[in-house]
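*Asks:*
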Amino acid sequence: MTFRLYDTATRGVRDFVPLVEGHAGLYLCGLTVQSEPHVGHLRSGINFDVLQRWLRHRGFEVTFIRNVTDIDDKILAKAAEQGLPWYALASAMKRELDAAYAALNVAPPTYEPAATGHVPEMLELIAELIERGHAYAAEDGSADVYFDVRSWPSYGELTRQGIDDMEAAGDADPRGKRDPRDFALWKSAKDGEPSTASWPSPWGRGRPGWHIECSAMAGKYLGPAFDVHGGGVDLRFPHHENEQAQSRAAGRPFATYWMHNAWITTAGEKMSKSLGNSLVVSEVLERVRGIELRFYMVASHYRSHVEFSTEALEDAAVGFRRVEQLLDRLGLGADREETPTAELPAAYVEALDDDLGTPAAVAVLHDTVREANRLADAGDHDRARERGAAVVAMLDVLGLDPADPAWRASGGAADREAALTSALDSLLGALLAERDAARASKDFATADTIRDRVKAAGIEVEDTPDGPRWSLT
RNA sequence: GGUGGGUUGGCCGAGAGGCGAGGCAACGGACUGCAAAUCCGUGUACACGGGUUCAAAUCCCGUACCCACCUCCA
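For the first sequence, this note's numbering gives the first residue as 2, with consecutive numbering after it.
(1) Check the DSSP bridge columns for aspartate 355 and list the partner residues they point to.
(2) List the DSSP bridge partners of tyrosine 28.
(3) In terms of residues, what are the limits of the alpha helix (DSSP H) holding methionine 123?
(4) Within 10 angstroms of its Cβ, does methionine 2 collect 16 or more other Cβ (buried), or is it exposed?
(5) Using 8 angstroms for Cβ pairs, my map puts proline 110 next to arginine 67. What's the rounded Cβ distance?
(6) In angstroms with no decimal places, state the Cα-to-Cα distance between tryptophan 211 and methionine 167.
(7) Taking only heavy atoms of the ligand NAD into account, decide whether any of them is closer than 8 angstroms to the Cβ of histidine 58.
(8) Span of the beta strand (DSSP E) holding serine 472?
(9) May I ask you to report which of helix, strand or coil DSSP gives tryptophan 259?
(10) Determine the direct distance from the alpha carbon of valine 63 to that of glycine 163, and round the result to whole angstroms.
(11) Could you give the DSSP three-state label for serine 155: helix, strand or coil?
(12) Give the DSSP-derived three-state secondary structure of serine 143 in the structure shown.
(13) Starting from lysine 191, follow the beta strand (DSSP E) in both directions and report where the run begins and ends.
(14) Which residues in the same chain have their Cβ closer than 6 angstroms to the Cβ of proline 341, if we skip the five residues on either side of it in sequence?
(15) Assuming tyrosine 297 is part of the alpha helix (DSSP H), what are its boundary residues?
(16) Do serine 189 and tryptophan 204 count as a contact pair if the criterion is CB distance below 9 angstroms?
(17) Leaving aside the five residues before and after isoleucine 213 along the sequence, list all residues of the same chain whose C-beta is less than 7 angstroms from its C-beta, in chain order.
(18) Just mark arginine 386 as buried or exposed, buried being the case when its beta carbon has 16 or more other beta carbons within 10 Å.
(19) Can you tell me the Cβ-Cβ gap for aspartate 145 and glycine 177, rounded? I've got them flagged as a contact below 8 angstroms.
(20) If I measure Cβ to Cβ from valine 234 and keep anything under 8 angstroms in the same chain, skipping five residues before and after, which residues do I get?
(21) Bridge partners for aspartate 464 per DSSP, in chain order?
(22) Taking the beta carbon of leucine 32 as the centre, do at least 16 other beta carbons fall within 10 Å, making it buried, or is it exposed?
(23) Does the distance from the C-beta atom of valine 14 to that of valine 398 stay below 9 angstroms?
(24) Short check: CB of leucine 357 to CB of asparagine 106, under 9 angstroms?
(25) For serine 442 and isoleucine 460, I'd like the C-alpha separation in whole angstroms.
(26) Under a three-way DSSP split, which group does aspartate 383 fall into?
(27) For isoleucine 265, which three-state DSSP category applies?
(28) So who's on the other strand from proline 209, going by DSSP bridges?
(29) Taking C-beta to C-beta, are serine 202 and alanine 251 nearer than 9 angstroms?
(30) Please list, in chain order, all residues of the same chain as threonine 117 whose beta carbon is under 6 angstroms from its beta carbon, the five residues on each side excluded.
(31) Kindly give me the distance between the Cβ atoms of proline 360 and histidine 302, rounded to whole angstroms, as I take these residues to be in contact under 8 angstroms.
(32) Could you work out which residue in Arg12, Gly60 and Ala10 is closest to glutamate 22 when comparing CA atoms only?
(33) Mind checking which residues open and close the alpha helix (DSSP H) that includes glycine 41?
(34) Determine the contact status of glutamate 37 and valine 285, defining contact as a CB-CB distance below 9 angstroms.
(35) DSSP has threonine 33 in a bridge; who is on the other side?
(36) Going along the chain, which residues of its own chain have a beta-carbon closer than 7 angstroms to the beta-carbon of threonine 447, five neighbours each way excluded?
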């Protein structure tokens with residue numbers, strides 16, 4: 002079977018046919034670095050990370066571009082509020098975003114272009130649009146340049162909307178526009194804006210409109226035509242519609258497939274600072290580990306709306322620990338020395354081939370875990386390990402292999418935790434030896450007293466065929 | 001007004017005409033000194049009302065409710 006992908010433009014699942022055999026060019030609209038990222042922001046990154054991993058697994062050479070919007074109205078406004086230069090805010094938030102991606106093992110893209118680094122490319126594209134009669138300098142003498150939606154007959158094709166059915170932009174500044182739906186390619190510098198926030202252009206000093214950056218950067222790094230373009234559902238309109246219009250109006254075929262992920266909401270509403278319901282990644286990571294959060298996010302389909310709840314998150318974490326326990330049992334966990342190779346189960350391959358069907362893939366994962374446990378229970382260590390190796394291979398594709406060095410938290414906190422664990426282990430050693438001796442002489446009262454005392458301290462002791470094992474509750 | 005999506009068992013979450021995806025929880029059993037872990041087993045779930053069909057959670061018609069986008073949004 003071939004890999005199939007749901008394409009927003011055609012509203013159906015289609016075979017993935019790359020423009021260049023064996024190669025896949027991906028573009029993901031990254032984030033505007035204006036505040037600390039919440040879990041919803043990370044969904045597109047995780048989704049494209051899985052896409053990238055799956056394509057690579059299937060033998061494609063992948064070029065993956067994920068941009069960063071580092072200049073826009075919000076950044077300017079927030080920076081002003083906080084008394085910071087806009088670039089300082091953008092830069093600080095970019096570091097937060099990088100940390101969040103790293104904490105969830107989202108592999109870096111091939112290249113991560115920033116809008117501010119691509120003004121010349123944007124100016125070139127704008128000039129070409131003017132030349133072709135699809136854009137015009139504002140008629141009010143400002144440096145604004147607008148895209149002329151009426152000049153592009155297929156405007157609205159991505160989201161199937163007719164220009165005349167669209168609501169006119171209520172809050173958009175209509176000055177100098179031929180049609181209220183025309184959108185800015187270049188925004189003139191305004192009084193009170195920092196001088197560092199504008200660049201020279203043939204039409205006057207200003208800064209890029211929101212949409213033009215993606216067209217310019219996708220064109221630069223992936224060429225006039227590329228395979229998959231993605232982002233959150235909210236970007237379909239206007240952002241992606243406009244990107245496509247301006248790119249195609251400039252003679253570039255642009256994306257072949259459009260991939261949009263659904264929202265993660267809390268309390269039925271999208272996350273937003275103003276609603277006070279943002280689940281900032283750094284806070285969620287105080288509750289569960291990064292690998293558990295990633296598992297939770299990967300276990301539902303990218304096109305399904307997810308209602309985030311801590312209960313569901315913790316259920317998922319419990320389920321994932323079961324998988325990890327199986328790996329530990331077989332010596333294939335985080336500390337394993339070598340990774341045996343294994344084929345992916347056919348059902349798993351079929352699941353991911355079908356529009357990245359991660360829920361079905363996770364079901365196969367669980368089935369395989371159960372099988373491995375059954376074999377191990379029966380003492381068939383070799384076959385159990387074989388199944389375990391398949392589990393590792395499946396986890397790896399999803400970016401969930403516990404042995405992936407990416408999960409090794411860096412910095413002092415992790416080192417300290419390792420030191421504490423080792424200290425506890427040596428202290429517990431004597432107690433557990435005492436308990437073992439009591440059990441051996443069938444003095445279960447003493448054995449249970451020790452277990453209860455340790456439990457009161459927040460440590461659970463389990464007896465396994467290989468001796469007692471302890472863990473923090 | 002236009003465009004698109006949704007409503008599935010105690011909870012989460014797949015599926016898209018015919019065997020109950022999977023997980024969490026619960027209950028029973030095996031194992032265990034007792035537990036834990038693991039394994040085996042246990043559920044008459046598809047918003048509502050009609051219809052089509054041998055067969056509908058799935059298709060059609062209608063109704064209700066929810067959500068997203070319509071130029072700030074992951």
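Note that CB positions come from ideal geometry on N, CA and C, so glycine has one too.
*Replies:* Reading it off the structure:
(1) Arg5.
(2) Tyrosine 28 pairs with Ile66 and His230.
(3) First-last of the alpha helix (DSSP H) with methionine 123: 120–132.
(4) Flag for methionine 2 reads exposed.
(5) That belief holds up - the Cβ atoms of proline 110 and arginine 67 are roughly 4 angstroms apart, short of 8 angstroms.
(6) In a straight line, the C-alpha of tryptophan 211 is about 20 angstroms away from that of methionine 167.
(7) The ligand NAD is not part of the structure shown, which contains no ligands of any sort.
(8) Its beta strand (DSSP E) spans residues 468–473.
(9) Correct three-state label for tryptophan 259: strand.
(10) Cα-Cα distance, rounded: 35 angstroms.
(11) Three-state result, serine 155: coil.
(12) Note: serine 143 maps to coil in three-state DSSP.
(13) In the DSSP assignment, lysine 191 falls outside any beta strand (DSSP E) and carries neither an H nor an E.
(14) If we look at proline 341 and ignore the five residues flanking it on each side, its Cβ neighbours are Ala390.
(15) In the DSSP annotation of this structure, the continuous segment of the alpha helix (DSSP H) that includes tyrosine 297 starts and ends at 291–299.
(16) Contact flag set, yes.
(17) Excluding residues within five positions, the ones whose Cβ falls inside 7 angstroms are Met123, Leu126, Ile127, Leu186 and Gln247.
(18) Label assigned to arginine 386: buried.
(19) Contact holds; Cβ gap of about 6 angstroms.
(20) Within the same chain, and ignoring the five residues on either side of valine 234 in sequence, the residues whose Cβ sits closer than 8 angstroms to its Cβ are His261, Asn262, Ala263 and Trp264.
(21) Bridge partners of aspartate 464 according to DSSP: Pro469.
(22) The residue is buried, with at least 16 neighbouring Cβ atoms inside 10 Å.
(23) Not a contact, by the Cβ cut-off of 9 angstroms.
(24) Result no, Cβ atoms of leucine 357 and asparagine 106 do not sit closer than 9 angstroms.
(25) Rounded to the nearest angstrom, the two C-alpha atoms are 24 angstroms apart.
(26) When secondary structure is reduced to three states using DSSP, aspartate 383 falls in the helix class.
(27) Strand.
(28) Proline 209 has Trp187 as its beta-bridge partners, per DSSP.
(29) No, the Cβ-Cβ distance between serine 202 and alanine 251 is not below 9 angstroms.
(30) Within the same chain, Cβ atoms closer than 6 angstroms to the Cβ of threonine 117 are found at Asp71 and Ile72, the five residues on either side in sequence being excluded.
(31) Rounded to whole angstroms, the Cβ separation of proline 360 and histidine 302 is 5 angstroms, and the two are in contact under 8 angstroms.
(32) Taking only the C-alpha atoms, the option nearest glutamate 22 is Gly60.
(33) Counting along the chain, the alpha helix (DSSP H) containing glycine 41 begins and ends at 40–58.
(34) No; because the gap between Cβ atoms is not below 9 angstroms, this pair is not in contact.
(35) Looking at the DSSP assignment, threonine 33 forms a beta bridge with Thr70.
(36) So the list reads Ala439, once near-sequence residues are dropped.
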